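Read the structure below first, then the notes.
Numbering (the UniProt record's numbering), first residue to last: 1 to 631.
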């Protein structure tokens, strides 16, 4: 490849899908064989490097026609597919997290690949059905499929006698039941993957009976609160002391029942099967496999990264453990918690906060000790164990003021007629040739005075600007009293809270998340967008709808993306432009008095942007080689 293309010159070629090519990698100047997947823009194409299996987006300047003698050699990479697993979440597409994990684990690793072919089956399946084994940091042999399942990134796929067809890509291998998984024919070689399968099957019946008795899978309930003995004094054993000075005790009368329940759980709950990916919530009840490998009843206290802080409800103490050690079921859901949280009567820590040395002293004095508990009446109200009272009323849902009224879209601002030069402010930059502008109030007022007091729409720009700002200031003082937004349809007008704590006119673009609900809004007087939770949205007063939106979306004339722009970081949502061009344009706009001249108003509003009424702003980009002149 180097000998054939090292001194080659670029020649214009009309690239089409599936065409073979030679690709010069911008990062290391190596040449690789490739095949066109699709055309991104006039200058960018997506290419499959089929000798290494990766897909890249490159400039057409990096492409050459592949010589015929280089087409005769077969591909140097094999396309493989892991068997016995499928994506999580009920989808047939793998998540980005699963792909990243697999890439991190396998890229550059030396692995053993075992082709999975059953007797009498077609051996030309593509991608190749395989199992992959490699060594972990301990040097132990790891099945990559089981590794993904263990991480919660894949689910086990039961093999069934079913043939999948995938258009022209592949014909996947026929799968066999899991009961037959122990003997898989691999090129006439018998390999036993699960020698303990028989032992697991013996206990299957016992485990299923235990599940029926004590498990309640995927429940949204919680464990019952502890039963406090109906006596002023009772004996107990201190299980632990919390960081906040809370003393957790187990009544002596319930100690035998706790031991019995724990023994039943440990003797029967050998395995809960493979855990599907699960999104935990704070306060959710669960079963916990502790650091001592024993099973406990627990509750999620705090979420963070790959670990979760849980509380062992029958013992009181908390611990941070990996997410894979939690299971979303209730163990003995009808049995109340055994551990009772207590606080020392009439005892206040220094500074109203329990210090670490004080907690350590309590732990040393009380942990695992038999004590006598005297139940006292609280001398004052405690926020720590307050009684919650709830009242649910549905009448307010039927009130007319809770409904979001159907409002018309915002009025659009129009640009002055062509061939006129008018002052503008750039409010938001989307890409080097797409911005949101606002007519400068002072300069526009001068223009209006030269022609008329109002533009064609009959609205005075200067008076409108002041009136809108005054109205927003007036409404912002009591915006918290406005009804919350309940209608999230696209283009729905609303008031939205910006990062500066002030409220501005906006409209709904789309719903971005559902738990918690978050929507993408656009601030119509500035053009910028932001993802906000619904508590930062309010219904907009009808009075504010009379003003046209001040931000005007325009395309900039006079320049276009450069043909030769290899190796630069691209704008993700606009790959024809580089990030360097975007930042260069922003630098050109900052602190400048800008003027615009309308070039076209339909179908897109197109303007030429000037600095100091004479010098086009885009000339700086052209001089830096970040854009080409567009005649």
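Each residue gets a CB set at the ideal place from its N, CA and C atoms; glycine is no exception. Here the structure is a predicted model, which means the values were calculated and not measured.
Report the partner residues of residue i according to the DSSP bridge assignment.
i: residue 367; result: Residue 367 is not bridged to any residue.
i: residue 511; result: 519
i: residue 34; result: 21
i: residue 413; result: In DSSP, residue 413 forms no bridge with anything.
i: residue 560; result: 628
i: residue 52; result: Per DSSP, none; premise fails for residue 52.
i: residue 297; result: 287
i: residue 311; result: 299, 318
i: residue 74; result: Partner(s): none; residue 74 has no beta bridge.
i: residue 3; result: Paired residues: none, contrary to the question.
i: residue 595; result: 423, 610
i: residue 327; result: 287
i: residue 81; result: 129
i: residue 304; result: 307
i: residue 374; result: 233
i: residue 505; result: 495
i: residue 226; result: Partner(s): none; residue 226 has no beta bridge.
May I ask which residues mark the beginning and end of the beta strand (DSSP E) holding residue i?
i: residue 234; result: 233 to 241
i: residue 143; result: 141 to 143
i: residue 431; result: 421 to 431
i: residue 492; result: Premise fails: residue 492 is in no beta strand (DSSP E) and is neither H nor E.
i: residue 605; result: Looking at the DSSP string, residue 605 is not in any beta strand (DSSP E), and its letter there is neither H nor E.
i: residue 111; result: 111 to 115
i: residue 532; result: 529 to 533
i: residue 438; result: 434 to 439
i: residue 157; result: Run containing residue 157: none; DSSP gives neither H nor E here.
i: residue 63; result: 63 to 65
Measuring CB to CB, does residue i end up less than 7 Å from residue j?
i: residue 339; j: residue 250; result: yes
i: residue 618; j: residue 528; result: no
i: residue 641; j: residue 580; result: Given a span of 1 to 631 for the chain in the structure shown, any question on residue 641 remains unanswerable.
i: residue 130; j: residue 80; result: yes
i: residue 235; j: residue 252; result: yes
i: residue 82; j: residue 8; result: no
i: residue 38; j: residue 46; result: yes
i: residue 506; j: residue 488; result: no
i: residue 134; j: residue 109; result: yes
i: residue 298; j: residue 288; result: yes
i: residue 424; j: residue 437; result: yes
i: residue 77; j: residue 57; result: no
i: residue 5; j: residue 31; result: yes
i: residue 111; j: residue 132; result: yes
i: residue 36; j: residue 19; result: yes
i: residue 226; j: residue 311; result: no
i: residue 636; j: residue 482; result: The structure shown has nothing for residue 636, since the chain only spans 1 to 631.
i: residue 514; j: residue 630; result: no
i: residue 342; j: residue 247; result: yes
i: residue 413; j: residue 606; result: no
i: residue 584; j: residue 626; result: yes
i: residue 550; j: residue 587; result: no
Between which two residues does the alpha helix (DSSP H) holding residue i run?
i: residue 586; result: 579 to 589
i: residue 620; result: 618 to 623
i: residue 267; result: 252 to 268
i: residue 106; result: 96 to 106
My assumption, with CB atoms under 8 Å, is that residue i sits in contact with residue j. Please give the rounded CB distance.
i: residue 362; j: residue 245; result: 7 Å
i: residue 285; j: residue 330; result: 6 Å
i: residue 521; j: residue 496; result: 5 Å
i: residue 589; j: residue 432; result: Between residue 432 and residue 589 the Cβ distance is about 11 Å, and since that is not below 8 Å, they are no contact.
i: residue 59; j: residue 43; result: 6 Å
i: residue 609; j: residue 594; result: 6 Å
i: residue 21; j: residue 66; result: 5 Å
i: residue 237; j: residue 257; result: Incorrect: roughly 13 Å between the Cβ atoms, too far for contact.
i: residue 502; j: residue 519; result: Not confirmed; about 19 Å, so no contact.
i: residue 537; j: residue 484; result: 7 Å
i: residue 654; j: residue 548; result: The structure shown does not extend to residue 654, since the chain spans only 1 to 631, so no value can be given for it.
i: residue 563; j: residue 434; result: With 8 Å as the limit, residue 563 and residue 434 do not qualify as a contact, their Cβ atoms being about 20 Å apart.
i: residue 645; j: residue 266; result: The requested residue 645 does not occur in the structure, where the chain is confined to residues 1 to 631.
i: residue 494; j: residue 511; result: Incorrect: roughly 13 Å between the Cβ atoms, too far for contact.
i: residue 101; j: residue 151; result: 6 Å
What runs of the alpha helix (DSSP H), each 4 residues or longer, lie entirely inside the stretch 330 to 367?
Runs found: 356 to 366.
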